[in-house]
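Shown next, in structure tokens, is the structure this report addresses.
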Amino acid sequence: MDSVPFAFCMDLMGHLNLDWGKYEKLANVLTGRWKAAANSFAENVHDLELRCKVEEGEWSYIVLADSRSGDKPFDEIVALNDRFIRCKYISIDILYEVVDLRPKEEILAQVIPFMAQHLRRSSGIYFRNTPSDLSEEEAGMLFGSLLVSHGFGLRDFGTLCLPYYGPESESFLNSLLDRGCSLQTLCLDTSWPDSQAVEDIIVELFTPRPKISLIIYPNGDKRNYILSAKIFEAIVNAWNKAENLSSLNVYGPWHAGSEEVLFVPVPPSVTRKLLKAQEENKSFTVWSKENGSTLSCTIDYTEHKIQFRSPPDDRFNDPDNLTILVSLPDIRIPYEV
66 MDSVPFAFCM DLMGHLNLDW GKYEKLANVL TGRWKAAANS FAENVHDLEL RCKVEEGEWS
126 YIVLADSRSG DKPFDEIVAL NDRFIRCKYI SIDILYEVVD LRPKEEILAQ VIPFMAQHLR
186 RSSGIYFRNT PSDLSEEEAG MLFGSLLVSH GFGLRDFGTL CLPYYGPESE SFLNSLLDRG
246 CSLQTLCLDT SWPDSQAVED IIVELFTPRP KISLIIYPNG DKRNYILSAK IFEAIVNAWN
306 KAENLSSLNV YGPWHAGSEE VLFVPVPPSV TRKLLKAQEE NKSFTVWSKE NGSTLSCTID
366 YTEHKIQFRS PPDDRFNDPD NLTILVSLPD IRIPYEV
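Residue numbers (our numbering): 66 to 402.
So, in structure tokens, the structure goes:
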């Protein structure tokens with residue numbers, strides 16, 4: 066085991082993406098070069114958070130570190146070994162306290178690109194400013210700063226929360242997907258328009274992969290119907306084609322019935338049934354494959370929401386639920402494998 070090159074041990078330890086305490090525990094049970102590599106990460110890893118604030122044309126930021134290593138000024142962070150720098154999240158939020166007003170050019174050209182290249186699979190980018198707090202021009206500058214970061218979008222990261230700041234939001238999300246970024250979770254809200262362009266972007270999100278999540282939050286009185294039959298079909302296809310699916314979750318407001326769900330073509334070797342709960346104002350559509358994989362769609366007519374899940378909503382197994390004979394045609398089309 067000690068014949069393995071130390072560089073390989075370090076690379077593998079980095080891919081584990083553990084916090085410093087778990088590296089420390091790992092070092093206690095390893096020996097030789099593996100122990101040295103685990104100790105190196107336990108002693109040197111830095112988990113960082115970038116918080117930016119844009120308010121009335123003034124820009125500020127702070128980089129927070131874990132309690133063990135303590136906060137550091139940006140020039141000290143840049144001097145650290147890249148191997149041990151990990152950005153947990155980048156957040157833009159008007160509610161942050163002003164810590165240090167800086168020229169926006171510094172934040173856009175140096176701070177954001179540097180932190181973005183240290184995002185991990187579990188990291189997130191959160192735009193929390195409402196469109197009234199952040200102009201389309203300011204949002205475009207932030208998007209551009211992320212996109213010029215070395216490798217941004219070519220490596221996967223966990224979560225993107227993105228309000229609609231105008232066409233710049235569409236262009237940013239489209240650029241990410243064009244670069245092959247496999248977002249695990251995309252959070253939008255109902256301020257996004259129910260346009261053909263937005264529908265096409267969301268459909269592209271559902272390329273078959275192990276974990277997919279789309280969350281659409283209500284946004285005040287804006288009730289755009291972002292979800293559509295075309296998106297529902299993309300969801301079913303992603304579930305059906307994924308080879309090692311660990312989870313699929315789609316959630317959003319819904320003010321219609323189950324017709325658009327039932328018009329989705331049923332793939333070959335897949336069965337579908339519609340259930341209705343006896344005591345709840347809900348319906349469940351369930352797709353099942355021969356290998357046992359199941360996808361459920363729950364529509365709550367009281368709370369006006371819809372959710373697709375795999376593994377499925379456990380409530381569809383309730384014996385009190387009734388199978389409904391559907392009058393809509395069971396449409397089947399030639400299906401790409």
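No residue lacks a Cβ here, since even glycine has one placed at the ideal position from N, Cα and C. Only a predicted model underlies this, so the values are computations on that prediction, with no experimental measurement involved.
Where the alpha helix (DSSP H) through residue i begins and ends
i, result
"residue 322", "Segment: none, residue 322 is in no alpha helix (DSSP H) and carries neither H nor E."
"residue 282", "Note, residue 282: premise wrong, no alpha helix (DSSP H); beta strand (DSSP E) at 276-282."
"residue 126", "No alpha helix (DSSP H) contains residue 126, which is instead part of the beta strand (DSSP E) from 123-130."
"residue 380", "First-last for residue 380: undefined, no H or E at that position."
"residue 105", "97-109"
"residue 261", "261-270"
"residue 74", "71-81"
"residue 234", "232-243"
"residue 172", "Note, residue 172: premise wrong, no alpha helix (DSSP H); not H, not E."
Rounded straight-line distance, which links the Cα of residue j to that of residue i
i, j, result
"residue 331", "residue 250", "26 Å"
"residue 130", "residue 152", "9 Å"
"residue 383", "residue 359", "15 Å"
"residue 85", "residue 113", "13 Å"
"residue 109", "residue 149", "6 Å"
"residue 162", "residue 196", "19 Å"
"residue 227", "residue 194", "9 Å"
"residue 361", "residue 387", "15 Å"
"residue 275", "residue 302", "13 Å"
"residue 92", "residue 115", "29 Å"
"residue 392", "residue 262", "Only weak support exists for where residue 392 lies, its pLDDT of 45 falling under 50; the value from the coordinates is given anyway. Answer to the nearest angstrom: the Cα atoms are 32 Å apart."
"residue 127", "residue 189", "16 Å"
"residue 105", "residue 71", "11 Å"
"residue 119", "residue 156", "11 Å"
"residue 402", "residue 336", "Unreliable positioning characterises residue 402 in this predicted model, as indicated by a pLDDT of 29, which lies under 50. The coordinate reading is nonetheless provided below. Distance between the alpha carbons of residue 402 and residue 336: 17 Å."
"residue 247", "residue 217", "12 Å"
"residue 375", "residue 123", "44 Å"
"residue 300", "residue 279", "10 Å"
"residue 350", "residue 178", "44 Å"
"residue 354", "residue 304", "10 Å"
"residue 273", "residue 313", "10 Å"
"residue 396", "residue 329", "Per-residue confidence for residue 396 stands at a pLDDT of 44, beneath the threshold of 50, marking its modelled position as unreliable; the derived number appears in the next sentence. So the two alpha carbons sit approximately 7 Å from each other."
"residue 159", "residue 175", "21 Å"
"residue 171", "residue 198", "21 Å"
"residue 117", "residue 192", "10 Å"
"residue 121", "residue 90", "47 Å"
Three-state class that DSSP yields for residue i in the structure shown
i, result
"residue 317", "strand"
"residue 295", "helix"
"residue 88", "helix"
"residue 114", "strand"
"residue 213", "coil"
"residue 387", "strand"
"residue 329", "coil"
"residue 137", "coil"
"residue 147", "helix"
"residue 159", "coil"
Residue range of the beta strand (DSSP E) that includes residue i
i, result
"residue 364", "359-365"
"residue 352", "347-354"
"residue 189", "184-192"
"residue 250", "250-254"
"residue 225", "224-226"
Residue i - partner residues in DSSP beta bridges
i, result
"residue 371", "317, 364"
"residue 120", "123"
"residue 166", "125"
"residue 246", "According to DSSP, which records beta bridges pairwise, residue 246 is partnered with nothing at all."
"residue 312", "276"
"residue 229", "Bridge partners of residue 229: none, in fact."
"residue 290", "Answer by DSSP bridge pairing: none, since residue 290 is not bridged."
Cβ-heavy atom distance, residue i to the ligand SAM, below 7 Å
i, result
"residue 82", "Ligands are entirely absent from the displayed structure, and the ligand SAM is therefore not among its contents."
**Message:** Closer than 8 Å is the cut-off here; do at least three beta carbon pairs connect the region 208-226 with the region 236-251?
**Reply:** yes
**Message:** I'd like to know if the region 222-230 and the region 176-193 are in contact, where contact means that at least 3 CB-CB pairs between them fall below 8 Å.
**Reply:** yes
**Prompt:** Counting Cβ pairs, one atom from each stretch, are 3 or more of them under 8 Å apart for the region 353-366 and the region 309-326?
**Reply:** yes
**Request:** State whether the region 187-202 contacts the region 165-174, with contact taken as three or more CB pairs (one from each stretch) at a distance under 8 Å.
**Result:** no
**Request:** Inspect the CB distances between the region 296-309 and the region 339-351 and report whether three or more fall short of 8 Å.
**Result:** no
**Item:** Inter-stretch contact at 8 Å, needing at least 3 Cβ pairs: the region 290-299 / the region 255-271
**Value:** yes
**Asked** Are the region 92-105 and the region 68-81 touching, with three or more C-beta to C-beta distances below 8 Å?
**Response** yes
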